[in-house]
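Step one of this worksheet: look at the structure below.
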Amino acid sequence: MTIRPIILEPLRDRLGRTFDEVDWDLNIYKDPSEETDFWFIAPYVYEDGSSSEYGESIMLTKAEEFALRHNDDYFDEDDVWYGMKGFLFDKWDKLSDRVKFLLESLPKYTEDLDRSMLR
Numbered sequence: 010m011t012i013r014p015i016i017l018e019p020l021r022d023r024l025g026r027t028f029d030e031v032d033w034d035l036n037i038y039k040d041p042s043e044e045t046d047f048w049f050i051a052p053y054v055y056e057d058g059s060s061s062e063y064g065e066s067i068m069l070t071k072a073e074e075f076a077l078r079h080n081d082d083y084f085d086e087d088d089v090w091y092g093m094k095g096f097l098f099d100k101w102d103k104l105s106d107r108v109k110f111l112l113e114s115l116p117k118y119t120e121d122l123d124r125s126m127l128r
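Spelled out as structure tokens, the structure:
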């Protein structure tokens with residue numbers, strides 16, 4: 010049985026105010042220094058026409074990188090972008106529990122973002 014990520018409905022408080030869902034983009038890239046062969050996932054917040062990196066990049070283990078990239082032409086380039094919802098929906102079965110946990114731990118609503126973590 011495959012469990013898919015939950016798509017959130019707009020959150021409303023008891024006064025009827027709505028909270029905006031974060032528009033996450035993921036930059037999936039190979040270490041550009043070429044000193045290592047590691048791959049990373051960097052979460053970016055897209056808002057007001059621009060995007061900002063949020064927190065630290067997730068370094069993938071060799072097993073996580075292989076499971077994600079093996080036989081997948083989308084990752085032929087060393088630097089690709091993916092929307093969070095589409096990524097979780099399309100790649101859920103290929104992700105380790107650790108990566109799923111880290112991505113799902115990101116704030117769901119813009120009001121919950123720690124603005125000091127934006128770069």
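Using this note's numbering, the first residue of the sequence shown is number 10, and each one after it goes up by one. Just so you know, even glycine gets a beta-carbon here, dropped at the ideal spot from N, CA and C.
Cα-Cα separation between residue i and residue j, rounded to whole angstroms
i	j	result
SER105	GLY58	32 Å
ASP123	HIS79	34 Å
ILE67	PHE49	5 Å
VAL54	SER114	14 Å
ALA76	LYS103	6 Å
GLU56	GLU62	11 Å
ILE37	SER125	22 Å
GLY95	ASP32	11 Å
Beta-carbon spacing of residue i, residue j below 8 Å
i	j	result
LEU69	PHE47	yes
TRP101	LEU35	no
Nearest to residue i (by Cα), restricted to the options the options
i	options	result
PRO52	LEU97, ASP102, GLU120 and LYS103	LEU97
SER60	GLU43, GLY92, PRO41 and LYS109	GLY92
Where the beta strand (DSSP E) through residue i begins and ends
i	result
VAL89	88-92
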